[in-house]
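Student: Going down the list, the sequences are from chains A, B, C and D.
First residue of the first sequence: 0, per numbering that gives the first Met the number 0; consecutive thereafter.
First residue of the second sequence: 0, per numbering that gives the first Met the number 0; consecutive thereafter.
First residue of the third sequence: 0, per numbering that gives the first Met the number 0; consecutive thereafter.
First residue of the fourth sequence: 0, per numbering that gives the first Met the number 0; consecutive thereafter.
Idealized CB from N, CA, C, for every residue including glycine.
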Amino acid sequence: MADQVDLSVSLGRGLRLRSPVMVASGTFGYGFDAHGADRTALGAIVTKGTTPGAREGNAPTRIAETPSAMLNAIGLQNPGVDHVVRVYAPKWATWDVPVIVNVAGDAVDDYVAVARRLDGVAGIAGLELNISCPNVANGLQFGVDPRMAAQLTAGVRAVTRLPLLVKLTPNVTDIVAVGRAVEDAGADGVSAINTYLGMAIDVRRRRPVLSRGSGGLSGPAIKPLALHAVWELAAALRIPVVGVGGITTAADALEFLLAGAAAVQLGTVNYVRPQAVREIHDGIAAYIAAHDLRHLGALPIRQARVEAHV
Amino acid sequence: MADQVDLSVSLGRGLRLRSPVMVASGTFGYGFDAHGADRTALGAIVTKGTTPGAREGNAPTRIAETPSAMLNAIGLQNPGVDHVVRVYAPKWATWDVPVIVNVAGDAVDDYVAVARRLDGVAGIAGLELNISCPNVANGLQFGVDPRMAAQLTAGVRAVTRLPLLVKLTPNVTDIVAVGRAVEDAGADGVSAINTYLGMAIDVRRRRPVLSRGSGGLSGPAIKPLALHAVWELAAALRIPVVGVGGITTAADALEFLLAGAAAVQLGTVNYVRPQAVREIHDGIAAYIAAHDLRHLGALPIRQARVEAHV
Amino acid sequence: MSLALAPAVVVQRSTPMRDAIELVVHHPPSAAAVKPGQFFQLAVAAPQTILRRPYSAAWADPQGGRIGFIFNVVGAGSGWLAVRHEGHELDLLGPLGRGFSLEGERPVICMAGGLGVAVFPGVVQALVARKRRVTMLLGARTSSQLLPADRFTGADVLTATDDGSAGYHGSVVNLFTSTLRGRVGVEAVDILTCGPTPMLQALIENVRQLGLPLESIQVALETPMGCGVGTCLGCAIPRAGGGYLLSCIDGPCVRADRIDWGRMTDAFHG
Amino acid sequence: MSLALAPAVVVQRSTPMRDAIELVVHHPPSAAAVKPGQFFQLAVAAPQTILRRPYSAAWADPQGGRIGFIFNVVGAGSGWLAVRHEGHELDLLGPLGRGFSLEGERPVICMAGGLGVAVFPGVVQALVARKRRVTMLLGARTSSQLLPADRFTGADVLTATDDGSAGYHGSVVNLFTSTLRGRVGVEAVDILTCGPTPMLQALIENVRQLGLPLESIQVALETPMGCGVGTCLGCAIPRAGGGYLLSCIDGPCVRADRIDWGRMTDAFHG
Ligand SMILES: Cc1cc2nc3c(=O)[nH]c(=O)nc-3n(C[C@H](O)[C@H](O)[C@H](O)COP(=O)(O)OP(=O)(O)OC[C@H]3O[C@@H](n4cnc5c(N)ncnc54)[C@H](O)[C@@H]3O)c2cc1C
Ligand SMILES: Cc1cc2nc3c(=O)[nH]c(=O)nc-3n(C[C@H](O)[C@H](O)[C@H](O)COP(=O)(O)OP(=O)(O)OC[C@H]3O[C@@H](n4cnc5c(N)ncnc54)[C@H](O)[C@@H]3O)c2cc1C
Ligand SMILES: Cc1cc2nc3c(=O)[nH]c(=O)nc-3n(C[C@H](O)[C@H](O)[C@H](O)COP(=O)(O)O)c2cc1C
Ligand SMILES: Cc1cc2nc3c(=O)[nH]c(=O)nc-3n(C[C@H](O)[C@H](O)[C@H](O)COP(=O)(O)O)c2cc1C
Ligand code: FES
Ligand code: FES
Numbered sequence: 000m001a002d003q004v005d006l007s008v009s010l011g012r013g014l015r016l017r018s019p020v021m022v023a024s025g026t027f028g029y030g031f032d033a034h035g036a037d038r039t040a041l042g043a044i045v046t047k048g049t050t051p052g053a054r055e056g057n058a059p060t061r062i063a064e065t066p067s068a069m070l071n072a073i074g075l076q077n078p079g080v081d082h083v084v085r086v087y088a089p090k091w092a093t094w095d096v097p098v099i100v101n102v103a104g105d106a107v108d109d110y111v112a113v114a115r116r117l118d119g120v121a122g123i124a125g126l127e128l129n130i131s132c133p134n135v136a137n138g139l140q141f142g143v144d145p146r147m148a149a150q151l152t153a154g155v156r157a158v159t160r161l162p163l164l165v166k167l168t169p170n171v172t173d174i175v176a177v178g179r180a181v182e183d184a185g186a187d188g189v190s191a192i193n194t195y196l197g198m199a200i201d202v203r204r205r206r207p208v209l210s211r212g213s214g215g216l217s218g219p220a221i222k223p224l225a226l227h228a229v230w231e232l233a234a235a236l237r238i239p240v241v242g243v244g245g246i247t248t249a250a251d252a253l254e255f256l257l258a259g260a261a262a263v264q265l266g267t268v269n270y271v272r273p274q275a276v277r278e279i280h281d282g283i284a285a286y287i288a289a290h291d292l293r294h295l296g297a298l299p300i301r302q303a304r305v306e307a308h309v
Numbered sequence: 000m001a002d003q004v005d006l007s008v009s010l011g012r013g014l015r016l017r018s019p020v021m022v023a024s025g026t027f028g029y030g031f032d033a034h035g036a037d038r039t040a041l042g043a044i045v046t047k048g049t050t051p052g053a054r055e056g057n058a059p060t061r062i063a064e065t066p067s068a069m070l071n072a073i074g075l076q077n078p079g080v081d082h083v084v085r086v087y088a089p090k091w092a093t094w095d096v097p098v099i100v101n102v103a104g105d106a107v108d109d110y111v112a113v114a115r116r117l118d119g120v121a122g123i124a125g126l127e128l129n130i131s132c133p134n135v136a137n138g139l140q141f142g143v144d145p146r147m148a149a150q151l152t153a154g155v156r157a158v159t160r161l162p163l164l165v166k167l168t169p170n171v172t173d174i175v176a177v178g179r180a181v182e183d184a185g186a187d188g189v190s191a192i193n194t195y196l197g198m199a200i201d202v203r204r205r206r207p208v209l210s211r212g213s214g215g216l217s218g219p220a221i222k223p224l225a226l227h228a229v230w231e232l233a234a235a236l237r238i239p240v241v242g243v244g245g246i247t248t249a250a251d252a253l254e255f256l257l258a259g260a261a262a263v264q265l266g267t268v269n270y271v272r273p274q275a276v277r278e279i280h281d282g283i284a285a286y287i288a289a290h291d292l293r294h295l296g297a298l299p300i301r302q303a304r305v306e307a308h309v
Numbered sequence: 000m001s002l003a004l005a006p007a008v009v010v011q012r013s014t015p016m017r018d019a020i021e022l023v024v025h026h027p028p029s030a031a032a033v034k035p036g037q038f039f040q041l042a043v044a045a046p047q048t049i050l051r052r053p054y055s056a057a058w059a060d061p062q063g064g065r066i067g068f069i070f071n072v073v074g075a076g077s078g079w080l081a082v083r084h085e086g087h088e089l090d091l092l093g094p095l096g097r098g099f100s101l102e103g104e105r106p107v108i109c110m111a112g113g114l115g116v117a118v119f120p121g122v123v124q125a126l127v128a129r130k131r132r133v134t135m136l137l138g139a140r141t142s143s144q145l146l147p148a149d150r151f152t153g154a155d156v157l158t159a160t161d162d163g164s165a166g167y168h169g170s171v172v173n174l175f176t177s178t179l180r181g182r183v184g185v186e187a188v189d190i191l192t193c194g195p196t197p198m199l200q201a202l203i204e205n206v207r208q209l210g211l212p213l214e215s216i217q218v219a220l221e222t223p224m225g226c227g228v229g230t231c232l233g234c235a236i237p238r239a240g241g242g243y244l245l246s247c248i249d250g251p252c253v254r255a256d257r258i259d260w261g262r263m264t265d266a267f268h269g
Numbered sequence: 000m001s002l003a004l005a006p007a008v009v010v011q012r013s014t015p016m017r018d019a020i021e022l023v024v025h026h027p028p029s030a031a032a033v034k035p036g037q038f039f040q041l042a043v044a045a046p047q048t049i050l051r052r053p054y055s056a057a058w059a060d061p062q063g064g065r066i067g068f069i070f071n072v073v074g075a076g077s078g079w080l081a082v083r084h085e086g087h088e089l090d091l092l093g094p095l096g097r098g099f100s101l102e103g104e105r106p107v108i109c110m111a112g113g114l115g116v117a118v119f120p121g122v123v124q125a126l127v128a129r130k131r132r133v134t135m136l137l138g139a140r141t142s143s144q145l146l147p148a149d150r151f152t153g154a155d156v157l158t159a160t161d162d163g164s165a166g167y168h169g170s171v172v173n174l175f176t177s178t179l180r181g182r183v184g185v186e187a188v189d190i191l192t193c194g195p196t197p198m199l200q201a202l203i204e205n206v207r208q209l210g211l212p213l214e215s216i217q218v219a220l221e222t223p224m225g226c227g228v229g230t231c232l233g234c235a236i237p238r239a240g241g242g243y244l245l246s247c248i249d250g251p252c253v254r255a256d257r258i259d260w261g262r263m264t265d266a267f268h269g
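1) Would B/R304 pass as an interface residue toward chain A - the criterion being a Cβ-Cβ separation below 9 Å?
2) Check the Cβ-Cβ distances between A/L14 and every residue of chain B, and say whether any is below 9 Å.
3) Can you confirm whether the stretch 119 to 128 of chain D touches the stretch 139 to 155 of chain D when touching is taken to mean that 3 or more C-beta pairs between the two stretches lie within less than 8 Å?
4) For chain A, check one thing: does any of its Cβ atoms lie closer than 9 Å to the Cβ of D/D249?
5) Please determine whether the Cβ atom of C/S77 lies at a distance below 8 Å from any heavy atom of ligand 1.
6) With DSSP as the reference, label B/D81 as helix, strand or coil.
7) Please report the distance separating the alpha-carbon of A/A53 from that of B/G28.
8) When DSSP labels each residue in this structure, what does C/D18 get in the three-state scheme?
9) Output yes if chain B places a C-beta closer than 9 Å to the C-beta of A/M198; else output no.
10) Taking just the CA atoms, how far does B/Y270 sit from C/V228?
11) Under 9 Å between beta-carbons, which chain C residues line up against D/A45? List them in chain order, please.
12) So, does the CB of C/I49 fall closer than 9 Å to a CB anywhere in chain D?
13) Taking only beta-carbon atoms, is B/V171 less than 9 Å away from chain A?
14) B/L257 lies in the alpha helix (DSSP H); which residues open and close that run?
15) Using a cut-off of 7 Å between C-beta atoms, extract the partners of A/D32 located in chain D.
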């Protein structure tokens, strides 16, 4: 019965996924290393953040576990967009799961350069602009200011016909304002959220655990925060919101879909349970069947809304 | 040996605590209900948020557990400042642990009224302005805007000679800007941080778990976020920073003290391990003794600072 | 209040009825202090959890220094408790809250739905010791999920099952209505009850229709709790006449007329 | 790569040396696939943790379908593993990473500091099976913390203890320096090692002073890991010549000349 449920979802501009379960940037590499995930349950792969040139990333220590979460400061280690176009894209073109390239940089020009290079390349199904990376200098600057976020989005929009998601940072007073700004600037959807700025100190060595001092927090701990952001965004935007943050079970994913997310991304859980993609896909299908809802569009709740600005 | 360590700390304007371990607002009532905590290890009690008149609080459900954390939307249930002055303060006056009243309201006048009423009352050692409560209408408005936060602080400063802490919200783009503003407006210290805006959805009932929709997240999950806020504030402010957020062990408390906090507050852990106050006090003393540091002031690390705006 | 902060040791683990587990712990001070209807906050070391979990003392044996807890697995915390065995330590905070008021001479009807039965072995024992006449009404989905009648020595035990596999075929509330009519004078009983909110709602409804005073009913509430000691204000339940009661310190055993049952439904069953 | 996602069952639990635990699990596909020096990511259900924990297979018995893990308790995850017993399930992800290269004919010195010994029973067995001459150097704080020599059948076993309670009185690196000098021609050995970073640093220092080529050393690294499969980029270690290696896929067993030991110290021992 759950088999007959339609789990497909459209993220705009022709980007149609057979499943609302995507994998989040930085947690699935470029789709070649993660084993154990069942691709038939996967809606899309979002790649590691990709910059114009190759980057080596930050010095170790790059990750630390914290209660129900982890901190990371990878620093956008990636092979650069040329490598992606030459080596990876041809392989992706043969896959039946769409690959969305997560785009990063230090300046508007960087983003535009990467987007231009990727436009029209076979095997690339869409772009996700990472305007929210806490782990490189300037990484957050675009994400916290609605005007800069809009400028960046418009700049990229001008050079690509690819479906365009913008990945928002939660480290702001008003995420909805940033969401509205990128919507108006031509984004086809937003991904919410990237990691939260956090820190751990090694009390034995009396210094920060991470070489950069701070890093981005991900994992189950942030789920209630991400869910709140998605709830607010879904109420305010017309474009689809992709929910990301702390999802590890089908119930978690359903919280986001009920909050109004059009699809979800699994991040940290991929490191722990590669089979989560399949389990969560099936759990969503079973829920929809059990509640006689037939398709994903019937999930979002809004009526229970208590106040506009809680 | 750990016995001889001086753990006293001064929070300004004559407020001297014998221990850097305080209990956070809303997690210790007015000091009468929490049993099992060893008061001889306690630096100060911060009371539940107190408003001009009594308040009934929000409808249930008011709390929900999330991974390594809990959400609350109590809604400032409290007996009002008159009751505090008439019934509680006379008892506090006989205690040897200072009691700091957490002050809340919907408008500047509310805060000023409560502060004026408490000024000069025996048994009240200081005020903590809660400009950061996510669980009442307008609760956050003062905390997210540096100008409003400064206005409120100045208004209260004008009517009281009591030591004045301002409790900051982390739900902002730039917590340091708010911290600087309240410092300039006359705060003697800041407490960082209050809870993070979060949400949980009951997938069975298809509605938010909390009656208000959203609530404030506290507990171990938020520790890395709170620590980062404290690290940034301690670097930027001249007044003491009191660290709050997810502390459950002596190592957690030491992370905050190493990050530059002058003292710490225990919140959610009081619900779980009433003996945490004693354990954490003793753990800090043992660490200081083991590292031959002699007093708390020698703890903060700054040299490892990597970048100004990560 | 005397609070147990020292660890208790599990001395026995068993399955008193299907899908339930009974843990017996040795902790003399708590066993001596606990009153029928009071509860303990049990620390659980389950993944991702932080809060303690509230559990009624099912019974206490002050001489032997032992306390029993009866529960089923509904989530992470109870799942962790379910794999405690003899010799494991359990960290108790309690006894907490107000138990049932057992004063009076009138016959008593105890009424339990599902795992609400967990609080009653000790309650019935105390009532019987006070020479009160006790009728224990047990409701469950099916006969194997009924706590055996020998746990209620000295009481009349009547059962109801949803599937009719034992006793009355139907809900325990319906069993109650008929029992009450048949056996005792309508104004002359005290009622102590514990069970899922819908069951409590149905009971209140019925009692109102019968014209009985709500004052004669005491309910043991199982509202989710934070602290269990009155500091978090998280366990509010709507009070008749406005405002809230705290179920951990004003309860968990509360006279039914003190509760605003209309707002209760909004909160816990809407 | 063949990844075990089915649960393995603990079939034996013991204490091979003081402060250490050995868990033997039954999982035929993993036992057949694992190579000496590879590791598994073990899921742990400890409170507040989320990540798997990397553990070397200490040895594997492909016929019996069994794998051994040897570890000590240093935190929440290992604390949880330490209370696994016969019959419990363990969720393995692996085998992962590159093991030691065992090719060649030269004599081999294996050198373990502390729990670094955990990787060697299987390594020595494989080397002996290849008819290579093996000297196993074991270092520990005190004699009771040494894994017994009978775990290295076919190898010469020499020990060093910090307190002098067994074997050489001093560090295993110093033992190595003397052994190397005394027993074999300086250019003619392969060295496989695992232990705390300071021990590795000291070894590299000594080897450099002796004028030996770093190429002849392979180290098994124990860098903290996220995923263990190359997707998180969290386990970077400084590569000689710039940039980083990923210890989970380029290692954990890496030729010493591929590592920038100066930057390594900054990161893990500054
Ligand atoms: C005073 C008191 C006494 C109690 N005595 C007993 C007892 O003797 N035996 C027994 O089996 N149970 C008892 N309960 C209920 C018990 O506390 C919960 O079942 C338990 O806390 C669930 O924890 P968990 O981690 O297993 O489930 P969770 O993962 O926390 O929750 C699982 C499901 O149970 C629901 N739930 C959580 N807490 C409660 C609660 N307090 N009441 C009802 N539903 C809840 C959740 O909404 C969720 O749907 C009592 C509760 C209270 C307040
Ligand atoms: C490839 C590999 C193979 C390993 N094989 C073994 C083995 O066979 N036997 C064994 O006992 N240990 C082994 N380790 C180390 C083991 O993974 C860690 O001790 C374990 O993850 C700690 O988990 P925890 O939850 O108990 O401690 P945590 O609470 O996570 O940490 C406790 C302390 O240990 C430190 N720590 C955490 N992870 C590591 C790590 N990976 N290396 C060193 N220190 C760490 C922390 O900084 C902290 O100080 C191996 C590590 C790797 C990377
Ligand atoms: C190690 C690591 C690397 C990440 N790298 C990126 C990245 O390159 N680009 C990006 O937009 N997000 C990146 N993220 C953020 C995730 O895509 C995701 O937004 C975040 O982890 C929250 O989801 P989760 O809690 O499910 O992990 C990274 C996360 C982790 C843990
Ligand atoms: C149930 C509850 C009620 C709270 N009430 C208040 C309050 O009235 N005023 C206030 O400033 N903070 C209040 N807080 C916030 C705490 O004081 C503290 O800042 C926060 O919980 C983070 O610390 P923790 O993670 O240690 O709990 C409350 C927290 C909880 C959990
Ligand atoms: S559970 Fe905290 S006040 Fe009742
Ligand atoms: S541990 Fe994730 S890349 Fe190595």
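Tutor: Concretely, from the data shown:
1) Confidence at B/R304 is low in this model, with a pLDDT of 44, below 50, so the placement of that residue is unreliable and no value is reported for it.
2) It does not: the Cβ of A/L14 has no partner Cβ on chain B nearer than 9 Å.
3) They touch, by the three-pair rule.
4) By the rule that beta-carbons nearer than 9 Å mark a contact, D/D249 does not touch chain A.
5) For ligand 1, at least one heavy atom lies less than 8 Å from the Cβ of C/S77.
6) Helix at B/D81.
7) Using only the alpha carbons, I get a separation of about 55 Å.
8) DSSP, reduced to helix, strand and coil, places C/D18 outside both helices and strands of the structure shown, so it counts as coil.
9) At least one chain B Cβ lies under 9 Å of A/M198.
10) Approximately 8 Å between the Cα atoms of the pair.
11) Here the neighbours are A44, P46.
12) Chain D places a beta carbon closer than 9 Å to that of C/I49, counting this residue as a contact.
13) Output row for B/V171: interface = yes.
14) 249 to 257 is the span of the alpha helix (DSSP H), which, as asked, contains B/L257.
15) Chain D residues near A/D32: V228, G229, T230.
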